[in-house]
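I have placed the structure first, in the form of structure tokens, so that the comments after it can refer back to it.
Residue numbers (this note's numbering): 221 to 653.
Below you can see the structure in the form of structure tokens.
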């Protein structure tokens, strides 16, 4: 364990260690080369210089010339070393600020931080909607090796318009995840998230980020994977974002009254409870990069998010649930803080967990994060008006289902009641760090 801790401690400086090692080898080679190649020139010169210093030292401190020369030599080494340090630092600062003008101050801290994040655990986060992007904001403070696998069955708002008009994958949830992982300047992030008002003609309801992804997809001859990568570069994200499938797909639901409804927005608005979910078409091709990310992951997180329209659709893509079951990494489900109207009214934490297992047909997570904190009375009243309530943390029922429970206060209450991304990320990463 000590050896592993030492390796992890030194991991962020591996690149620096190699650079310093090369510099030291260069200095040694330079000194040896100078001594061997210029023996007749260098040694006589230093002998002459030493003689001058000795005469000068004997005049100042008779009888102690050697000590004075040693002291002077030490001072020169110290001053020379400081000059070299500050010179190299100034050079690196100049290079960094030239390459990235927005990066001001704390260069060493920034360097160490980025190196530590680059050595962090490999995390796969599956979901969609605002829940996944909320989690990503916390995870990116622990590692930059993040793969967000996003549901692509959204058919509402700007995304729905682009799906119908351009026949592309819905970009909205992908855009939110890109922004959540972004390291770009705030102005760029705000621009990406800007949404045109309803009086903007044909642009009404569209967000610039969605339109940019559509434009990048056009530039890439319809290759949405390339479009997402280009947007990732623009936003300088920590990690990568990808859809669970590149095929166009819709979500269908069989309701308890026997009717079948297609489309996320229609399913939520239908009324009767959901009995069974399936994709249309069912035989979509899973994103191979997503499957590979799951295979090599150190930890996998599902949620938070709408259980039927954000979590389960990813798991219905052929090969995804099988990849999760085969992965040796710990798998965590983050249960919602609040229920969702038209989807999970009255559902407890154990019912959320059971719904996933029933729809997928197998157990796909090892741990469940359950919030036990209670929102304020004013928040409960506000949400009750919208048909929502806190998800009951029925711990005993979860234990009876043999679930490994991670209960705690994971809530953040401002204008909205949702998960605190820092608390959830810290609990998730504690399983692997």
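Note that beta-carbon positions come from the ideal geometry of N, C-alpha and C, so glycine has one too.
Bear in mind the structure is a predicted one, so any value in this text is a computation, not a measurement.
Along the alpha helix (DSSP H) that carries residue 649, what are the first and last residues, could you check?
For residue 649, the enclosing alpha helix (DSSP H) has its first and last residue at 641 to 649.
Whole alpha helix (DSSP H) runs in the segment 536 to 609 with 4 or more residues, listed along the chain?
540 to 546, 569 to 580, 597 to 604
Going residue by residue through the segment 443 to 491, where are the continuous alpha helix (DSSP H) segments of at least 4 residues, counting only ones entirely within it?
If only complete runs of 4 or more residues are kept, the segment 443 to 491 shows the alpha helix (DSSP H) at 444 to 455, 484 to 490, in order along the chain.
Using 8 Å as the threshold, is the C-beta distance between residue 589 and residue 555 below it?
yes
Roughly how far, in whole angstroms, is the beta-carbon of residue 461 from the beta-carbon of residue 394, given that I think they are within contact range, below 8 Å?
6 Å
So the alpha helix (DSSP H) residue 430 belongs to, where does it begin and stop?
For residue 430, the enclosing alpha helix (DSSP H) covers residues 428 to 439.
When burial is assigned at 16 or more other CB atoms within 10 Å of the CB, is residue 422 buried or exposed?
exposed
What do you reckon, are the CB atoms on residue 469 and residue 516 nearer than 8 Å?
no
Could you compute how far the alpha carbon of residue 308 sits from the alpha carbon of residue 335?
Annotation: residue 308 to residue 335 spans about 20 Å, alpha carbon to alpha carbon.
Are the Cβ atoms of residue 499 and residue 471 separated by less than 8 Å?
yes
Under the three-state reduction of DSSP, which class applies to residue 495: helix, strand or coil?
Strand, per DSSP.
Assuming residue 457 and residue 402 make a contact with CB atoms under 8 Å, what is their CB distance in whole Å?
Residue 457 to residue 402, Cβ: 5 Å. Contact.
Got a sec, what are the start and stop residues for the alpha helix (DSSP H) residue 632 sits in?
Unbroken run through residue 632 is the beta strand (DSSP E), 631 to 633; no alpha helix (DSSP H).
Beta carbon of residue 466, beta carbon of residue 507: below 8 Å?
yes
How far does the beta strand (DSSP E) with residue 347 in it extend, from its first residue to its last?
343 to 347
Along the chain, where does the alpha helix (DSSP H) that runs through residue 407 open and close?
406 to 413
Pairs of beta-carbons, one from the segment 542 to 550 and one from the segment 358 to 371, closer than 8 Å: are there three or more?
no
Roughly how many angstroms lie between the CA atoms of residue 287 and residue 404, to the nearest whole one?
57 Å
List the DSSP bridge partners of residue 519.
Looking at the DSSP output, residue 519 shares a beta bridge with 343.
Check whether the segment 562 to 580 touches the segment 602 to 612, taking contact to mean three or more Cβ pairs, one atom from each stretch, closer than 8 Å.
yes
What is the residue span of the alpha helix (DSSP H) that residue 620 lies within?
615 to 620
If you run the structure through DSSP and keep just helix, strand and coil, what is residue 534?
Helix.
Only counting the same chain, and skipping five residues up and downstream in sequence, which positions put a Cβ closer than 7 Å to that of residue 388?
382, 434, 437, 444
May I ask you to report which of helix, strand or coil DSSP gives residue 525?
coil
Using only the alpha-carbon positions, how far apart do residue 626 and residue 489 sit?
32 Å
Can you tell me whether DSSP reads residue 367 as helix, strand or coil?
Look at residue 367 here: in three-state DSSP terms it is strand.
What residue range is occupied by the uninterrupted beta strand (DSSP E) comprising residue 624?
624 to 628
Under the assumption that residue 528 contacts residue 558 (Cβ atoms under 8 Å), give the Cβ distance between them as a whole number of angstroms.
Incorrect: roughly 15 Å between the Cβ atoms, too far for contact.
From the DSSP secondary-structure annotation, give me the bridge partner or partners of residue 506.
465
With DSSP as the reference, identify every bridge partner of residue 638, one or two as the case may be.
632
Pick out whichever of 560, 576, 585 has its Cα sitting closest to the Cα of residue 349.
560
Identify every residue that forms a DSSP beta bridge with residue 500.
470
By how many angstroms is the C-alpha of residue 631 removed from the C-alpha of residue 448?
Going by C-alpha positions, residue 448 is about 31 Å away from residue 631.
Going by C-alpha distance, which of 646, 432, 446 is nearest residue 378?
Of 646, 432, 446, the residue nearest in Cα terms is 432.
Please identify the residue among 314, 304, 370, 251 whose C-alpha is closest to the C-alpha of residue 521.
370
Once you ignore the five residues that flank residue 518 on each side, which residues in its own chain have a CB closer than 6 Å to its CB?
341, 342, 549, 652
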